[in-house]
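Undergrad: Below you'll find the structure I mean.
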Amino acid sequence: ERHAHPFYISWYDRYGFGAYGDGAGLDAAIYTGQHDLRFVNDTDHWILIETELDEINQTLTMRLYGTRKHNREVAFDGPYITNETPAPSTPVYTDDPTKPQGYLYQSDVARSGRDITVYRVIYENSVEVAREAFVTRFRAWPNVYVRGTGG
Numbered sequence: 021e022r023h024a025h026p027f028y029i030s031w032y033d034r035y036g037f038g039a040y041g042d043g044a045g046l047d048a049a050i051y052t053g054q055h056d057l058r059f060v061n062d063t064d065h066w067i068l069i070e071t072e073l074d075e076i077n078q079t080l081t082m083r084l085y086g087t088r089k090h091n092r093e094v095a096f097d098g099p100y101i102t103n104e105t106p107a108p109s110t111p112v113y114t115d116d117p118t119k120p121q122g123y124l125y126q127s128d129v130a131r132s133g134r135d136i137t138v139y140r141v142i143y144e145n146s147v148e149v150a151r152e153a154f155v156t157r158f159r160a161w162p163n164v165y166v167r168g169t170g171g
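Quick note: the sequence shown, position 58, residue 78 per this note's numbering, numbers continuous.
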């Protein structure tokens, strides 16, 4: 079970394409009480989950280690980026009566939209036996501002 973020996040470009071939299209949104990341260990062995929190860069990295199934390899094919859509040019304003008139704060930055597909490919004895598509649809998003309307 995987839930993608609805919008392309700027830190994908900065942190998301690392040595492990990870990145946009392979990320997961996790939110208490709503979204989980779940997977099934189909081996007969334990899995070690290692986490690393980088408070300075505000990133969380999780690494999974386990015993490889005999004659089985898993690879990723992609990312394939399609349906690129420019960010809307018209900004969105949210009025806040608790802020004085003249107050203007940009709460979100415009992002383009796109679809990203990454395939997980499973090989046994060097023969492809399964191919699973991870499809993420990132919506385009406008600049968003909070505007003071109070006295």
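Note that the Cβ used here is the ideal one computed from N, Cα and C, for glycine as well.
Output yes or no for whether 7 Å exceeds the beta carbon distance between aspartate 128 and valine 164.
TA: The residue given as residue 128 occupies position 108 in the sequence shown. The residue given as residue 164 occupies position 144 in the sequence shown. Yes, these two residues count as a Cβ contact at 7 Å.
Undergrad: So, glycine 98 versus threonine 137, is the Cβ gap smaller than 7 Å?
TA: Along the sequence shown, read from residue 1 onward, the residue named residue 98 stands at position 78. Along the sequence shown, read from residue 1 onward, the residue named residue 137 stands at position 117. Against a cut-off of 7 Å, the Cβ pair of threonine 137 and glycine 98 comes out as a contact.
Undergrad: Would the region 113-121 and the region 65-84 be scored as touching if the rule is three or more Cβ pairs under 8 Å?
TA: Cβ pair count under 8 Å is below three, so no.
Undergrad: Provide the residue span of the beta strand (DSSP E) that contains threonine 110, from first to last.
TA: Residue 110 sits at position 90 when you count from the first residue of the sequence shown. Run containing threonine 110: none; DSSP gives neither H nor E here.
Undergrad: Which first and last residues belong to the beta strand (DSSP E) in which leucine 68 is found?
TA: On the sequence shown, position 48 is the one that residue 68 refers to. Where leucine 68 is concerned, the enclosing beta strand (DSSP E) stretches over 67-74.
Undergrad: Checking the sheet assignment: what are the DSSP bridge partners for leucine 84?
TA: The residue labelled residue 84 in the question sits at position 64 within the sequence shown. The partner list for leucine 84 (beta bridge, DSSP) reads Ile69.
Undergrad: Is it true that the CB of tyrosine 28 sits closer than 7 Å to the CB of arginine 131?
TA: Walking along the sequence shown from the start, residue 131 turns up at place 111. Walking along the sequence shown from the start, residue 28 turns up at place 8. Their beta carbons are under 7 Å apart, which means arginine 131 touches tyrosine 28 by this criterion.
Undergrad: What are the start and end residues of each continuous alpha helix (DSSP H) run of 4 or more residues lying completely inside the region 127-156, in chain order?
TA: Complete alpha helix (DSSP H) runs here, min 4: none at all.
Undergrad: Would the beta-carbon of threonine 52 be found less than 6 Å away from any heavy atom of the ligand MN?
TA: Looking for the ligand MN in the displayed structure turns up nothing, as the structure carries no ligands at all.
Undergrad: Compare the C-alpha of proline 10 against each of Gly53, Thr114, Asn145 and His23 and name the closest.
TA: Any answer about residue 10 is impossible in this case: the structure gives the chain only from 21 up to 171.
Undergrad: Compute the Euclidean distance between the alpha carbons of valine 94 and alanine 44, then round it to the nearest angstrom.
TA: Numbered from its first residue, the sequence shown carries residue 94 at position 74. Numbered from its first residue, the sequence shown carries residue 44 at position 24. Straight-line Cα distance between these residues: approximately 19 Å.
Undergrad: May I ask which residues mark the beginning and end of the beta strand (DSSP E) holding arginine 167?
TA: Residue mapping note: residue 167 aligns to position 147 of the sequence shown, counting from 1. Element bounds for arginine 167: 164-170.
Undergrad: Secondary structure at phenylalanine 27, three-state DSSP: helix, strand or coil?
TA: Working through the sequence shown from its first residue, we reach residue 27 at position 7. Phenylalanine 27: coil per DSSP, three-state reduction.
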